[in-house]
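Notes follow the structure.
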Amino acid sequence: MKKSDFDFELPPELIAQAPLAERSASRLLLLDAQNGTREDRLFRELPDFLQPGDLLVFNDTRVLPARLYGRKGTGGAVEILIERVTGAHEATVQLGVSKKPKEGARIELADGSFATVLGRDDAFFRLRFESPEPLEKLLLKLGEMPLPPYIERHADASDMERYQTVYAREPGAVAAPTAGLHFDEAMLATLRDKGVDFGYVTLHVGAGTFQPMRADDVRDHVMHREWLNVGAALVEKIRRTRAAGGRVVAVGTTVVRALESATRDGELQPFAGETQIFIFPGYRITSVDALVTNFHLPQSTLLMLVSALAGREFMLESYRHAVAQRYRFFSYGDAMLILPKGR
Numbered sequence: 001m002k003k004s005d006f007d008f009e010l011p012p013e014l015i016a017q018a019p020l021a022e023r024s025a026s027r028l029l030l031l032d033a034q035n036g037t038r039e040d041r042l043f044r045e046l047p048d049f050l051q052p053g054d055l056l057v058f059n060d061t062r063v064l065p066a067r068l069y070g071r072k073g074t075g076g077a078v079e080i081l082i083e084r085v086t087g088a089h090e091a092t093v094q095l096g097v098s099k100k101p102k103e104g105a106r107i108e109l110a111d112g113s114f115a116t117v118l119g120r121d122d123a124f125f126r127l128r129f130e131s132p133e134p135l136e137k138l139l140l141k142l143g144e145m146p147l148p149p150y151i152e153r154h155a156d157a158s159d160m161e162r163y164q165t166v167y168a169r170e171p172g173a174v175a176a177p178t179a180g181l182h183f184d185e186a187m188l189a190t191l192r193d194k195g196v197d198f199g200y201v202t203l204h205v206g207a208g209t210f211q212p213m214r215a216d217d218v219r220d221h222v223m224h225r226e227w228l229n230v231g232a233a234l235v236e237k238i239r240r241t242r243a244a245g246g247r248v249v250a251v252g253t254t255v256v257r258a259l260e261s262a263t264r265d266g267e268l269q270p271f272a273g274e275t276q277i278f279i280f281p282g283y284r285i286t287s288v289d290a291l292v293t294n295f296h297l298p299q300s301t302l303l304m305l306v307s308a309l310a311g312r313e314f315m316l317e318s319y320r321h322a323v324a325q326r327y328r329f330f331s332y333g334d335a336m337l338i339l340p341k342g343r
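Counting from 1, one number per residue, gives the positions in the sequence shown under the working numbering.
This is how it looks when you write it as structure tokens:
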């Protein structure tokens with residue numbers, strides 16, 4: 001299986017560069033893989049497709065303002081993108097710089113403090129931030145929201161709110177679980193009133209999620225590491241939902257990755273730790289019965305994940321339909337509700 005098997009033509013103008021005025025004003029492509037049908041709907045109609053007793057599972061990670069700017073000792077500009085906070089004053093980062101710094105080099109930040117290069121791990125650098133403040137507090141003071149590379153503008157003040165879900169509470173991500181960006185408080189209230197229950201996982205999305213797949217053979221690809229937590233209370237809630245005939249609906253591919261990582265011998269179990277799980281066609285997803293998600297990059301691991309859920313040909317046909325109907329793509333774009341086969 002080749003990464004080119006997951007390609008499609010995407011006009012650049014369909015890549016959403018900013019959010020809509022209202023979170024829930026997006027469009028919704030309803031995909032029923034069992035019947036091979038698709039319908040063009042609105043995200044505000046999502047409650048119509050859910051039932052009392054269904055369980056929506058959200059990723060409650062909170063995005064850090066993880067992009068910093070500084071200068072090398074020579075005066076050259078440096079862009080720092082936090083990949084993962086590894087300690088009170090240390091992080092793994094990506095560096096945007098003309099010449100890669102060596103171990104021991106110092107980068108001056110805007111407040112006069114410094115970051116020291118501790119070493120390098122493949123494409124990432126390890127930095128120690130020489131500041132009396134913990135790194136998370138330093139980021140809140142100096143950092144910029146880390147908009148994805150396909151959004152061709154700098155983050156502004158509005159992104160501090162809009163590139164964050166309304167239910168975010170566990171800081172640690174450097175990219176948003178974007179399927180959740182469509183939910184506002186009014187939508188959540190409507191779903192509660194209908195009898196839909198909520199549950200939460202935490203998966204801290206890393207900057208590695210935007211790294212392109214370099215291997216031509218899908219089986220040769222190695223996923224980046226991400227930390228997650230699936231708690232015992234959620235595991236029990238999922239068991240009760242299934243026993244009562246309700247559906248488990250994941251909000252975002254990060255929820256699917258978290259739940260599948262916590263599944264052992266076909267049974268969901270509490271789990272906290274790292275995952276490198278790679279889900280592509282041939283893998284049988286058992287932890288969820290439906291998925292709310294955004295549209296993904298061509299040849300991406302996330303397109304492969306949804307293809308494992310609903311079938312490669314059906315998903316590629318659906319993406320071509322979305323392009324023809326001028327859906328908005330990626331983080332600030334429109335959404336899909338995928339109902340897989342046999343669920």
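Glycine included, every Cβ here is placed at the ideal spot set by N, Cα and C.
Under the 8 Å Cβ criterion, the stretch 29 to 49 does not count as touching the stretch 81 to 94, having fewer than three qualifying pairs. Judged by DSSP in its simplified three-state form, K72 adopts strand.
The beta carbon of S26 sits closer than 8 Å to those of L20, L42, F43, H182, R328, G333, D334 and A335, all from its chain and outside the five residues before and after it, given in chain order.
Y319 sits in a helix when the DSSP states are folded into three classes. Pairwise C-beta distances place the stretch 194 to 209 in contact with the stretch 222 to 242, as three or more of them are shorter than 8 Å.
Beta-bridge partners assigned by DSSP to P171: R62.
The closest CA to that of A308, considering only V292, R284, E185 and L297, is found on R284. When DSSP assignments are scanned along the stretch 229 to 290, the uninterrupted stretches of alpha helix (DSSP H) that are 4 or more residues long and fall wholly within it turn out to be 232 to 243 and 253 to 261.
Rounded to the nearest angstrom, the gap between the Cα atoms of G195 and E136 is 37 Å. When DSSP states are grouped into helix, strand and coil, M187 belongs to the helix group.
DSSP, reduced to helix, strand and coil, places G87 outside both helices and strands of the structure shown, so it counts as coil. Beyond the five residues adjoining it in sequence on each side, P177 comes within less than 7 Å, by CB distance, of N59, T61, T165, V205, G252 and T254 in the same chain, given in chain order. The Cβ-Cβ distance between V63 and A168 falls below 8 Å. According to the DSSP assignment, M1 belongs to no alpha helix (DSSP H), since it is labelled neither H nor E. The C-alpha of R320 is placed about 46 Å away from the C-alpha of H89. Straight through space, the alpha carbons of M223 and P212 are spaced by roughly 10 Å. Collapsing the DSSP output to three states places L20 in coil. Pairing V288 with V57, the inter-Cα distance amounts to about 9 Å. With respect to the 8 Å criterion, D197 and T241 are classified as neighbours on the basis of their beta carbons. The three-state secondary structure of R44, taken from DSSP, is helix.
Boundaries of the beta strand (DSSP E) around R126: F124 to E130. For P101, the CB contacts under 6 Å within the same chain, skipping 5 residues up- and downstream, are V117 in chain order. With 16 or more other Cβ atoms from the protein chains shown falling within 10 Å of its own Cβ, S261 counts as buried.
Secondary structure note for V201: its beta strand (DSSP E) is the uninterrupted segment D197 to L203. With a beta-carbon spacing of about 7 Å, I279 and R257 fall inside the 8 Å limit used to define contacts.
As the crow flies, the alpha-carbon of A157 is around 44 Å from that of G266. Taking every protein chain shown into account, the CB of N294 has 16 or more other CB atoms within 10 angstroms, so this residue is buried. In summary, D54 is buried, with 16 or more beta-carbon neighbours lying within 10 Å of its beta-carbon over all protein chains present.
Closest by C-alpha distance to E108, out of A232, Y69, A16 and L50, is Y69.
Annotated three-state conformation of G180 is helix, per DSSP. Within 10 angstroms of the beta-carbon of M304 lie 16 or more other beta-carbons, which makes it buried. The criterion of a C-beta distance shorter than 8 Å is satisfied by Q325 and D40.
Between K341 and A110, the C-beta spacing is not below 8 Å. Here E39 carries a strand assignment [DSSP, helix/strand/coil].
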